[in-house]
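Step one of this worksheet: look at the structure below.
4 protein chains.
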Amino acid sequence: MSLYIGVAGASRPAPGLLEQAEVLGRRLAEAGAVVVCGGGPGVMEAVCRGARSAGGTTVGLLPGVDRRDGNPYLSVAVPTGMGQGRNLLLVRSSDAMVAVGGGFGTLSEIALALRTGVPVVGLATWSLHLDSGPVDAFPVAGDAESAAHLVIDAARSFQTDPTRGEPDV
Amino acid sequence: MSLYIGVAGASRPAPGLLEQAEVLGRRLAEAGAVVVCGGGPGVMEAVCRGARSAGGTTVGLLPGVDRRDGNPYLSVAVPTGMGQGRNLLLVRSSDAMVAVGGGFGTLSEIALALRTGVPVVGLATWSLHLDSGPVDAFPVAGDAESAAHLVIDAARSFQTDPTRGEPDV
Amino acid sequence: MSLYIGVAGASRPAPGLLEQAEVLGRRLAEAGAVVVCGGGPGVMEAVCRGARSAGGTTVGLLPGVDRRDGNPYLSVAVPTGMGQGRNLLLVRSSDAMVAVGGGFGTLSEIALALRTGVPVVGLATWSLHLDSGPVDAFPVAGDAESAAHLVIDAARSFQTDPTRGEPDV
Amino acid sequence: MSLYIGVAGASRPAPGLLEQAEVLGRRLAEAGAVVVCGGGPGVMEAVCRGARSAGGTTVGLLPGVDRRDGNPYLSVAVPTGMGQGRNLLLVRSSDAMVAVGGGFGTLSEIALALRTGVPVVGLATWSLHLDSGPVDAFPVAGDAESAAHLVIDAARSFQTDPTRGEPDV
Chain R
1 MSLYIGVAGA SRPAPGLLEQ AEVLGRRLAE AGAVVVCGGG PGVMEAVCRG
51 ARSAGGTTVG LLPGVDRRDG NPYLSVAVPT GMGQGRNLLL VRSSDAMVAV
101 GGGFGTLSEI ALALRTGVPV VGLATWSLHL DSGPVDAFPV AGDAESAAHL
151 VIDAARSFQT DPTRGEPDV
Chain E
170 MSLYIGVAGA SRPAPGLLEQ AEVLGRRLAE AGAVVVCGGG PGVMEAVCRG
220 ARSAGGTTVG LLPGVDRRDG NPYLSVAVPT GMGQGRNLLL VRSSDAMVAV
270 GGGFGTLSEI ALALRTGVPV VGLATWSLHL DSGPVDAFPV AGDAESAAHL
320 VIDAARSFQT DPTRGEPDV
Chain B
339 MSLYIGVAGA SRPAPGLLEQ AEVLGRRLAE AGAVVVCGGG PGVMEAVCRG
389 ARSAGGTTVG LLPGVDRRDG NPYLSVAVPT GMGQGRNLLL VRSSDAMVAV
439 GGGFGTLSEI ALALRTGVPV VGLATWSLHL DSGPVDAFPV AGDAESAAHL
489 VIDAARSFQT DPTRGEPDV
Chain A
508 MSLYIGVAGA SRPAPGLLEQ AEVLGRRLAE AGAVVVCGGG PGVMEAVCRG
558 ARSAGGTTVG LLPGVDRRDG NPYLSVAVPT GMGQGRNLLL VRSSDAMVAV
608 GGGFGTLSEI ALALRTGVPV VGLATWSLHL DSGPVDAFPV AGDAESAAHL
658 VIDAARSFQT DPTRGEPDV
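Residue numbers (our numbering), protein chains in the order written: chain R, 1 to 169; chain E, 170 to 338; chain B, 339 to 507; chain A, 508 to 676.
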């Protein structure tokens, strides 16, 4: 069974992240993974462009109801009509996830993944703190190559984890 | 842009429907359509088997959270964790839909498609009546070949309809 | 624990149904039930007006994201932003449901209730047919008084059913 | 129209938070607000107990499909069957939200609220950092009394904001 790697990232990311996202997509496709994302522009489009350039499959879970809103590099576009509700759908669709950059939608995907047991790898994204200090909730990669390695390993472990796929209620 | 054809049908259909579903899947794939379904056994598996045998792409929107519950003929499996909530997701993902057989889940997909303006074609499925008599809400095909023709035509019209993709609120 | 009775019905119903819906709401409230509906106009508003006139509690599960879209007779208004996805939420919130009139949204609620085991009572609504003839899937009431009695009894049985509340996946 | 105040918080919170949550619930009810939460134990139960003790109305949006899983202090219990998908429903149901404590579910609710424009007040909860340093995304209250004041003010502003209720797609 294929690995499905989710990529969370903003439609209007900070400069420099698009190149990283494109490399990430290419490496994930080279490893044989299906790339799942929100299907929009920005980080989502760049990661899909990278994956398709390496012959990969990309899935976009769109927030709206019109498939034409998807970016041009989607193999499969699913217009969910769920708004930010598609963020949980992305998490549930992923064997592991990379969070790229600092949007609030991305933060929600990090949190939902941590809450439901889906492994997360960070790339230039949020870090979390409580009063007691920083909380080391997920590994952080220094660049896209490293993020691809970490997330593929995490997804392989997740796929063979007998407790994965547990209802999150 | 590819046509996406939804196929609604039960996991334990009446005898004879599996052969019809497999032919339907093959014809849809030959027409270049992506086949979207609930990803389970029965009609869903048969239509995917047919589509894959013709080189097509199949998408399964699973009710649970475990991708391994999908049938073996899915190109892409999306575990939604939404239970019967994935029925609306199937409708929203479809440019037109074929309803096969007489399950209540299938009936819900017919109703949601009619409610949100997605064209429906029936194949050995429900007919609807009010006090005033039968309601002719969607065309009914006599066999799988005919259902494939009707639904592809309906999806083409839907794709070029400027009002499609309207929010259903 | 209170009984929760769902009422499915159109925003633009056939003439005469509003009076029936108002009587239905009053009788449900007199029986101590919480009335759950889609929160909109038409049948939904009439059933809420009836329930509030008898001191009852009404809950509206709105399709959009703005609470101000709810009708004026809601005790609690929940803007779901789920469009027709709120129809399943209505079913899940109900110990039993009355379907009033002939809209397609109402038909989807009937089908989702039958699919997930929530008892349905019909009032001037759809009847279902397969090739083999009519399918007697739920009881039909002749008027609002009778619908109220039937649905309250069904909800009481459902509440004491040890298998209710099973996941529908 | 009533103010609806969401309260996000864990079922197994850090010691001391339950007392704070109960005070928060009481103050919100005294201000006339409807309290919306996930309907479970822990922070959710404590805030409901406080609100009910002051005669308030409480709404629980349960992750599962069984109403009996709700805590005993709910005026209205809605079993959504959406798992962590109910977190977005909580955000959409709130004119403003208090986040109490440090769970990942709570973090997702903070993120979804920030993403969709619903005001957030923190109480002994997460703080957010990017590489460039701490991000001051929402006000933090020192105690429950202060959180109640801040969130009521924020909800009043939100209710009169002509741009609220915008689709988040």
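All C-beta atoms in this analysis are idealised placements derived from N, C-alpha and C, irrespective of residue type, glycine included.
For clarity, every value in this text was computed on a predicted model and none was experimentally measured.
Reference residue i; option with closest CA among the options
i       : options                               : result
S11(R)  : G38(R), A77(R), R68(R) and L112(R)    : G38(R)
L112(R) : A528(A), D643(A), L614(A) and Y511(A) : L614(A)
P520(A) : G612(A), D643(A), S664(A) and G640(A) : G612(A)
H656(A) : Y511(A), F665(A) and L535(A)          : L535(A)
G211(E) : Y173(E), Y242(E) and H298(E)          : Y242(E)
M508(A) : A515(A), N594(A), G539(A) and P522(A) : G539(A)
G398(B) : M420(B), S391(B), G421(B) and V374(B) : V374(B)
E145(R) : G117(R), T58(R) and V100(R)           : V100(R)
V414(B) : V541(A), I617(A), G577(A) and V647(A) : V541(A)
I343(B) : A475(B), V458(B) and L468(B)          : V458(B)
G225(E) : G178(E), L172(E) and V260(E)          : L172(E)
N71(R)  : G40(R), G85(R), L90(R) and V78(R)     : G40(R)
T285(E) : L400(B), V345(B), G441(B) and R453(B) : G441(B)
Q84(R)  : V7(R), R92(R) and E109(R)             : E109(R)
L400(B) : M420(B), A392(B) and A485(B)          : M420(B)
L325(E) : V287(E), P308(E) and V309(E)          : Per the sequence shown, residue 325(E) should be read as Arg rather than Leu. When only C-alpha atoms are compared, the closest one is V287(E).
G514(A) : H636(A), T587(A), V598(A) and A644(A) : Per the sequence presented here, residue 514(A) reads as Val, with Gly not at that position. For the residues H636(A), T587(A), V598(A) and A644(A), the minimum Cα distance to V514(A) belongs to V598(A).
G142(R) : R593(A), D638(A), P586(A) and L621(A) : D638(A)
G471(B) : A306(E), D305(E) and L297(E)          : L297(E)
A137(R) : L114(R), A54(R) and L18(R)            : L114(R)
I152(R) : G9(R), P79(R), E30(R) and G16(R)      : E30(R)
Three-state secondary structure (DSSP) of residue i
i       : result
L619(A) : helix
G501(B) : Position check: residue 501(B) holds Thr in this sequence, whereas Gly was assumed. The answer is coil: DSSP assigns T501(B) none of H, G, I, E or B.
G347(B) : strand
S296(E) : strand
T58(R)  : strand
V287(E) : coil
V65(R)  : coil
A352(B) : coil
G272(E) : coil
G83(R)  : helix
Host alpha helix (DSSP H) of residue i (start-end)
i       : result
A215(E) : V212 to S222
V260(E) : R255 to R261
G532(A) : L524 to E537
Residue interval of the beta strand (DSSP E) (run including residue i)
i       : result
L341(B) : Element bounds for L341(B): n/a, residue is neither H nor E.
G640(A) : G640 to V642
A33(R)  : Neither: A33(R) is in no beta strand (DSSP E) and is coded neither H nor E.
P477(B) : Per DSSP, P477(B) belongs to no beta strand (DSSP E) and is neither H nor E.
M604(A) : A603 to V607
P586(A) : V583 to P586
Any non-hydrogen atom of the ligand ZN closer than 7 angstroms to residue i Cβ
i       : result
L197(E) : Ligands in the displayed structure: none, and consequently the ligand ZN is not present.
Counting pairs of beta carbons, one from the segment 425 to 438 of chain B and one from the segment 286 to 297 of chain E, are three or more of them closer than 8 angstroms? no
Against chain B: residues of the segment 61 to 81 of chain R by CB proximity under 9 angstroms: V65 and G81
Contact list for the segment 592 to 618 of chain A against chain R, Cβ threshold 7 angstroms: G592, L595, G609, F611, G612, L614, S615 and A618
Validate contact between the segment 48 to 59 of chain R and the segment 17 to 30 of chain R using beta carbons, cut 8 angstroms, 3 pairs: yes
Counting pairs of Cβ atoms below 8 angstroms between the segment 561 to 573 of chain A and the segment 492 to 504 of chain B, do you hit three or more? yes
Cβ-based contacts, 9 angstroms cut-off: residues of the segment 209 to 230 of chain E near chain R: T226, V228 and L230
Could you please tell me which residues of the segment 283 to 296 of chain E, in chain order, have their CB closer than 9 angstroms to any CB of chain B? Residues passing the 9 angstroms Cβ filter: L283, R284, T285, A293, T294, W295 and S296.
For the segment 516 to 550 of chain A, list every residue whose C-beta sits within 7 angstroms of some C-beta in chain B, in sequence order. V541
What are the residues in the segment 640 to 656 of chain A lying within 7 angstroms of chain E by C-beta distance? none
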